[in-house]
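Residues are numbered in my numbering as their position in the sequence shown, beginning at 1, plus a constant of 71. Backbone N, C-alpha and C fix where the C-beta goes; we use that ideal spot for every residue, glycine too. Because the structure is a prediction, the values reported are computed rather than measured. Data block below; observations after.
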Amino acid sequence: MEIVREAAEGVSTSVLAERFGVSPRAIQYTLKADAERQTDAAIPVSAVSVKVTASELEALDAVLAKAGIESRAEGLRRLIQAAGGVFVPDAQMAAEMARYRASLHEVGNGVAQIAKQMTQANRMGQGAVGGTSAEFSELRLAQLRGLARFILDSADEIDLLLRRRRDAMQLEATAALREFAHAAE
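Below is the structure:
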């Protein structure tokens, strides 16, 4: 994406918004959606190894079995994620919700741009039919703006919902880590 590339090169949001004919908010949402897409698409590429005693390994296996985790690798991955604040036991649901949120942002931005173009057409007299009445009434413009706000607010609500759910899972992960630490003793 040209917007993402230019923003990475240091071009300001306002300059990008003017160049692409969109609002600064649309640029910010685009950059945020790209950052989240990159995070969601992260693929594990590093390996971790650790030496433990036989009793430590038995304790680890017992805690993992109790939690319903089928492999040591998955257990360690969840512990690492929990330590980093991104404990997400259902990665597929999180990815789907992130895509849905990004789609809502795109639709909302599109509707906002339609309203902007309609306003410009009215200002330039292009909305007039036969020079007597405006094709794009103020009521229609207000309705489109309201629709755009609704869509963007819906996307923000989904984002807030995901953040709250992640925070709740973080608390559960912290409790699991405490239990895990006590079980090893």
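Query                                                                                                                                                                    : Result
Helix, strand or coil for glycine 81 per DSSP?                                                                                                                           : coil
Which residues in the same chain have their Cβ closer than 6 Å to the Cβ of alanine 173, if we skip the five residues on either side of it in sequence?                  : Ala104
Alanine 118 lies in the alpha helix (DSSP H); which residues open and close that run?                                                                                    : From DSSP, alanine 118 is part of no alpha helix (DSSP H); its letter is neither H nor E.
How many Å lie between methionine 195 and glutamate 243 at the Cα?                                                                                                       : 58 Å
Whole alpha helix (DSSP H) runs in the stretch 217-248 with 4 or more residues, listed along the chain?                                                                  : none
Cβ atoms of alanine 138 and alanine 183: under 8 Å apart, would you say?                                                                                                 : no
Which stretch, first to last residue, makes up the alpha helix (DSSP H) that contains valine 123?                                                                        : Per DSSP, valine 123 belongs to no alpha helix (DSSP H) and is neither H nor E.
Using DSSP with H/G/I as helix, E/B as strand and the rest coil, what is glutamate 107?                                                                                  : helix
Under 8 Å Cβ to Cβ from alanine 186, same chain only, skipping five residues before and after it: list those, please.                                                    : Leu212, Leu215, Arg216 and Ala219
Just the Cα atoms here: how many angstroms apart are arginine 108 and glutamate 89?                                                                                      : 25 Å
Could you tell me the alpha carbon to alpha carbon distance between arginine 249 and alanine 130, rounded to whole angstroms?                                            : 14 Å
With alanine 226 and histidine 176 assumed to form a contact (beta carbons below 8 Å), what rounded beta-carbon distance in angstroms separates them?                    : 5 Å
Please determine, among Ser208, Val178 and Gly181, the residue with the shortest C-alpha to C-alpha distance to alanine 192.                                             : Ser208
Beta-carbon separation of leucine 87 and alanine 78 under 8 Å?                                                                                                           : yes
Contact defined as beta carbons within less than 8 Å: I believe alanine 97 pairs with asparagine 180. What is the distance between those atoms, to the nearest angstrom? : 4 Å
Within a Cβ cutoff of 7 Å, which residues of the same chain sit near isoleucine 222, ignoring the five residues on either side of it in sequence?                        : Leu175, Val178, Gly179 and Val182
In whole angstroms, what is the alpha-carbon distance linking arginine 150 and threonine 84?                                                                             : One detail in the question is off: residue 150 reads as leucine in this sequence, not arginine. Approximately 37 Å between the Cα atoms of the pair.
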